[in-house]
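Novice: Line order of the protein sequences matches chains A and R. In this text, residue positions in the first sequence follow the working numbering: the first is 1, and each later residue adds one. In this text, residue positions in the second sequence follow the working numbering: the first is 325, and each later residue adds one. Idealized CB from N, CA, C, for every residue including glycine. Keep in mind that this is a model prediction, so the values were computed, not measured.
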Amino acid sequence: MQQANPIMLSFILRRVLYTVPIMLGVSLVCFALVHISPGDPLVSILPPDASVELQEQMMAIYGFDKSYPEQFLRWLGLALQGDLGNSIASGRPVASEVLNAVGNTLVLAVTATIIGFTLGGLFGFVAGYFRDSWIDKLATAISVVGVSVPHYWLGMVMVIIFSVELRWLPATGAGPGGSSQWVWDWEHMQYLILPAVTMSVIPMGIVARTVRALVADILQQEFVSGLRAKGLLDRGVLAHVIKNAAPTALAVMGLQLGYLLGGSILIETVFSWPGTGFLLGQAIFQRDLPLLQGTILVLAMFFVILNLLVDVAQTSLDPRLQRG
Amino acid sequence: MTQETVHAVTPLVRVQDLSVRFAGTPPVHAVNNVSFDLAPGEVLGILGESGSGKSVTLKTLLRLLPERKTKITGRVEVDGNDVLSLQGRALADHRGGVASMIFQDPALALDPVYTVGQQIAETVMRHEAISKSDAMTRALEMLELVRIPSAKRRLENYPHEMSGGMRQRAMIALALACRPKLLLADEPTTALDATVQIQILLLLRELQQEMGMGVIFVTHDIGVAVEVSDRLAVMYAGSFVETGSVRDVIRDARHPYSKGLLAANLVGAVPGTRLDAVPGAPPPLNALPEGCSFAPRCAHAEAACHASPLPVWTGADGRWARCVQASRTETLAKAEGQR
């Protein structure tokens, strides 16, 4: 890793500043999407035969009677102070609901990414290193299956095998007694294994394919001949290949983590994991606008920040990116 | 180089009957029955056009060709080691320690994500029991040796932060870091500007004389070959067609292909006149003709050229040429001399 040099610092500063307009744009899109979609936001709390006055009163309380720009600015202003409003369905503050769910999703997504990246990186590396051998074919087959298999189906199969038949692991939830507060102990970790393994299959396949292509490409490059020509042993050459492949592999891993953070609705629903995907599903079905908006916003912000981190990490690993 | 020294000194490199085939249907005959010796401290220039097998010959000396797809026969001895039977650590010790290589394009041959200093130090640490800081000191000395300005700062540079000429100097520094007995140079100036080319050639020649290593220098440029070599070997379609001292080959080339190469040279050409280019193209290496590979392009080809084995004409100082007419031109010359 490079010393923190002035070029690197100015790059980080510029990159952080770039995120401000991106975040503003994201929040606007997220607000607009939720409001453009059809459905009455108050349908879940108002009785079907509610009077017009009552409806208008409720609209006023939640601010739905104002114009869209006004609503947006008010929402944005409060969001900047950490107030995402209250959930219409539960009445609890959206911020704390989302934060708790984000914590649970982070636990799941990070675990899945670590498993997926480790296995995928390993498979991909071996496949690329021994290209066209039977090891390559096996690793490629595994990764293709990993990418293609519907993961909610895989989740159900896992539940049938390991929970129903073998009774080794709990099937659903994130802790004993339906608790949604995550703790790092064996009691809770039992609940993590099945969803995390199921989820890890997606990044594993993608990372394996990326790393295989990367390694195969690097080994084709002339500098590898150069390394052999100066007498490096296989493990010496290996270190060079890894350092050359790392920036791109890391970027792919970062993006995968981003997808898993937001895109795990199916798996979280199958395993009743109280994360953002589960919350998002609930918010959509109950037309809980503040909750939906808040969850999407937080997820989008995660994605933006993650991209920022990946860019910075990639740049510090690859000296060629530090110019310009 | 006189004939006595050729026989008195055990050669640094002895290549006998080397053939290299690449897998394929039909297989590619990249190198065919090549034999040559190189004395310690001698510079051999291998001259030939692209695809003539000169780089493949060079890579065989370091065993850099992909093992699975390559079939090598014959014998290659460097500094007393049977290179073709070296395995594992012994092979790695040979590479970079006994013999090292300068590549055509240093922009591709250096690792882009390691600094130049790291890459040189790594080589030194691989071949000598030496600490990391001592290895870095050696790297600095090497950069100074190849006359890279502000060498200390350049140690920290990545290859892409250097100019083409500077990178090739760094490549040379890397290749010479462990004081190899044999330096293999694979068209080291082809990717450079003409002015930089001369500087690198002069540097190489100077370092060769200073360190006394044997050099095999592969090029397609006659001017370059003449500039650096003691002896020349002309290669065509995977075979050596003519060998001799630079002086002899330039003055009295015996093989029509060597003559063609010399005639196609721009130096000394009269402006406004056509250059004598060799007509046609080399034969595909997976379908070499019987007899002389050059016969289809040769203006003097006759029936005897299409039969193998071809007669080899030998002259003084280890000179030889594989051509039906080579000896005849000699008898002609002799006859003319006697008259």
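Determine the chain R residues that contact residue 223/A at a beta-carbon separation under 8 Å, and present them in chain order.
Specialist: Within the first sequence, the letter at position 223 stands for residue 223/A. Neighbours of residue 223/A on chain R, chain order: 432, 433, 434, 435 and 436.
Novice: Would you list the one or two residues that DSSP bridges to residue 564/R?
Specialist: Residue 564/R sits at position 240 when you count from the first residue of the second sequence. The partner list for residue 564/R (beta bridge, DSSP) reads 559/R.
Novice: Please return the same chain residues whose Cβ sits closer than 7 Å to the Cβ of residue 503/R, not counting the five positions on each side in sequence.
Specialist: Taking the first residue of the second sequence as position 1, residue 503/R is located at position 179. 535.
Novice: Would you kindly check if the distance between the Cβ of residue 211/A and the Cβ of residue 218/A is under 8 Å?
Specialist: For this step, residue 218/A is matched to residue 218 along the first sequence. For this step, residue 211/A is matched to residue 211 along the first sequence. Contact: no.
Novice: Under a CB-based cut-off of 8 Å, is residue 318/A close to chain R?
Specialist: Against the first sequence, residue 318/A aligns to sequence position 318. Taking Cβ atoms only, chain R reaches closer than 8 Å to residue 318/A, which makes this a yes.
Novice: Relative to chain A, which residues along the segment 413–426 of chain R have a C-beta separation below 8 Å, given in chain order?
Specialist: So the close ones are 413, 416, 417, 418, 419, 420, 421, 424 and 425.
Novice: Per DSSP, which residues does residue 222/A bridge with? Please list them.
Specialist: Position 222 of the first sequence, counted from the first residue, corresponds to residue 222/A. None; residue 222/A has no bridge partner.
Novice: Provide the residue span of the beta strand (DSSP E) that contains residue 264/A, from first to last.
Specialist: Residue mapping note: residue 264/A aligns to position 264 of the first sequence, counting from 1. Careful: residue 264/A lies outside any beta strand (DSSP E) and carries neither H nor E.
Novice: What does the Cβ neighbour count give for residue 632/R, buried or exposed, with the cut at 16 atoms within 10 Å?
Specialist: Taking the first residue of the second sequence as 1, we reach residue 632/R at position 308. Residue 632/R should be labelled exposed.
Novice: Return the first residue and the last residue of the alpha helix (DSSP H) that residue 71/A is part of.
Specialist: The sequence position of residue 71/A within the first sequence is 71, counting from 1. Here the alpha helix (DSSP H) through residue 71/A covers 68–80.
Novice: Which runs of the alpha helix (DSSP H) fall wholly inside the segment 170–244 of chain A and span at least 4 residues, in chain order?
Specialist: Segments of the alpha helix (DSSP H) lying fully in the segment 170–244 of chain A: 186–220 and 222–229.
Novice: Check each candidate in 14/A, 26/A, 96/A and 37/A and name the one with the smallest Cα separation from residue 284/A.
Specialist: Taking the first residue of the first sequence as 1, we reach residue 284/A at position 284. Of the listed residues, the one whose Cα sits closest to residue 284/A is 37/A.
Novice: Which residues does DSSP pair with residue 401/R in a beta bridge?
Specialist: The residue given as residue 401/R occupies position 77 in the second sequence. DSSP output for residue 401/R lists 338/R and 406/R as bridge partner(s).
Novice: Would you mind sorting residue 294/A into buried or exposed? The rule is 16 or more other CB atoms within 10 Å of its CB.
Specialist: The residue labelled residue 294/A in the question sits at position 294 within the first sequence. Under this definition residue 294/A is a buried residue.
Novice: Using only the alpha-carbon positions, how far apart do residue 642/R and residue 410/R sit?
Specialist: Taking the first residue of the second sequence as position 1, residue 642/R is located at position 318. Taking the first residue of the second sequence as position 1, residue 410/R is located at position 86. So the two alpha carbons sit approximately 29 Å from each other.
Novice: Using the Cα positions of residue 253/A and residue 200/A, report the straight-line distance between them to the nearest angstrom.
Specialist: Taking the first sequence and counting its residues from 1, one reaches residue 253/A at position 253. Taking the first sequence and counting its residues from 1, one reaches residue 200/A at position 200. Near 11 Å, if we compare the C-alpha coordinates of residue 200/A and residue 253/A.
Novice: Just the C-alpha distance for residue 486/R and residue 436/R, rounded to the nearest angstrom, thanks.
Specialist: The residue labelled residue 486/R in the question sits at position 162 within the second sequence. The residue labelled residue 436/R in the question sits at position 112 within the second sequence. Going from the Cα of residue 486/R to the Cα of residue 436/R covers about 11 Å.
Novice: What residues of chain R sit near residue 244/A, judged by a beta carbon separation below 8 Å?
Specialist: If you number the first sequence from 1, residue 244/A lands on position 244. Here the neighbours are 435, 436 and 437.
Novice: Where do the ends of the alpha helix (DSSP H) carrying residue 549/R lie?
Specialist: Taking the second sequence and counting its residues from 1, one reaches residue 549/R at position 225. Here the alpha helix (DSSP H) through residue 549/R covers 546–552.
Novice: Out of 367/R, 573/R, 500/R and 431/R, which one is the CA nearest neighbour of residue 447/R?
Specialist: Position 123 of the second sequence, counting from 1, holds the residue named residue 447/R. Among 367/R, 573/R, 500/R and 431/R, the Cα nearest to that of residue 447/R belongs to 500/R.
Novice: Nearer than 7 Å: is that true of the beta carbon of residue 255/A relative to any heavy atom of the ligand GTP?
Specialist: Among the ligands in the structure shown, none appear at all, so the ligand GTP cannot be discussed.
Novice: Would DSSP call residue 395/R helix, strand or coil?
Specialist: Counting from one through the second sequence, the residue named residue 395/R turns up at place 71. Correct three-state label for residue 395/R: strand.
Novice: Determine whether the beta carbon atoms of residue 243/A and residue 420/R lie at a separation below 8 Å.
Specialist: For this step, residue 243/A is matched to residue 243 along the first sequence. For this step, residue 420/R is matched to residue 96 along the second sequence. No.
Novice: Beta-carbon within less than 6 Å of residue 407/R's beta-carbon, same chain only, minus the 5 sequence neighbours each way: which residues are those?
Specialist: Taking the first residue of the second sequence as 1, we reach residue 407/R at position 83. Result list for residue 407/R: 400, in chain order.
Novice: In whole angstroms, what separates the C-alpha of residue 159/A from that of residue 17/A?
Specialist: The residue given as residue 159/A occupies position 159 in the first sequence. The residue given as residue 17/A occupies position 17 in the first sequence. If I take the Cα positions, the gap works out to 45 Å.
Novice: Can you pull the DSSP bridge partners for residue 345/R?
Specialist: Here residue 345/R is taken as the residue at index 21 of the second sequence, counted from 1. In DSSP, residue 345/R forms a bridge with 353/R and 395/R.
Novice: For residue 341/R, which residues from the same chain have a beta carbon less than 8 Å from its beta carbon, with the 5 sequence-adjacent residues on both sides left out?
Specialist: Within the second sequence, residue 341/R is the residue found at index 17, counting from 1. Contacts found: 357, 358, 359, 397, 398 and 399.
Novice: Cα separation between residue 188/A and residue 276/A?
Specialist: Counting from 1 along the first sequence, the entry for residue 188/A is found at position 188. Counting from 1 along the first sequence, the entry for residue 276/A is found at position 276. For residue 188/A and residue 276/A, the distance between alpha carbons rounds to 18 Å.
Novice: Look at the alpha carbon of residue 361/R and the alpha carbon of residue 647/R, and state the distance between them as a whole number of angstroms.
Specialist: Taking the second sequence and counting its residues from 1, the one referred to as residue 361/R is at position 37. Taking the second sequence and counting its residues from 1, the one referred to as residue 647/R is at position 323. Roughly 21 Å between the two C-alpha positions.
Novice: Below 7 Å between beta carbons is the criterion; list the residues of the segment 372–396 of chain R that meet it against any residue of chain A, in chain order.
Specialist: Result list: 386 and 388.
Novice: Quick check on residue 162/A: does DSSP put it in helix, strand or coil?
Specialist: Looking up residue 162/A in the first sequence gives position 162. DSSP places residue 162/A in helix when its eight states are reduced to three.
Novice: Which residues in the same chain as residue 312/A place their Cβ atom closer than 7 Å to its Cβ, once the five residues preceding and following it in sequence are excluded?
Specialist: Stepping through the first sequence from its first residue, residue 312/A is reached at position 312. Excluding positions up to five away in sequence, the list reads 12 and 15.
Novice: Drop a sphere of 10 angstroms on the beta-carbon of residue 94/A, count the other beta-carbons inside from all chains shown, and report buried for 16 or more, exposed for fewer.
Specialist: Working through the first sequence from its first residue, we reach residue 94/A at position 94. Looking at its Cβ environment, which holds 16 or more other Cβ atoms inside 10 Å, residue 94/A is buried.
Novice: Would a check of beta-carbon distances place residue 624/R closer than 8 Å to chain A?
Specialist: In the second sequence, the residue the question calls residue 624/R occupies position 300. With 8 Å as the cut-off, residue 624/R does not count as an interface residue toward chain A.
Novice: Quick check on the DSSP output: the beta strand (DSSP E) that includes residue 298/A runs from which residue to which?
Specialist: Taking the first sequence and counting its residues from 1, one reaches residue 298/A at position 298. That residue, residue 298/A, is in no beta strand (DSSP E); its alpha helix (DSSP H) goes 289–317.
Novice: Rounded to a whole number of angstroms, what is the C-alpha to C-alpha distance between residue 428/R and residue 389/R?
Specialist: Here residue 428/R corresponds to residue number 104 of the second sequence, with the count starting at 1. Here residue 389/R corresponds to residue number 65 of the second sequence, with the count starting at 1. If you take the alpha carbons of residue 428/R and residue 389/R, they lie about 16 Å apart.
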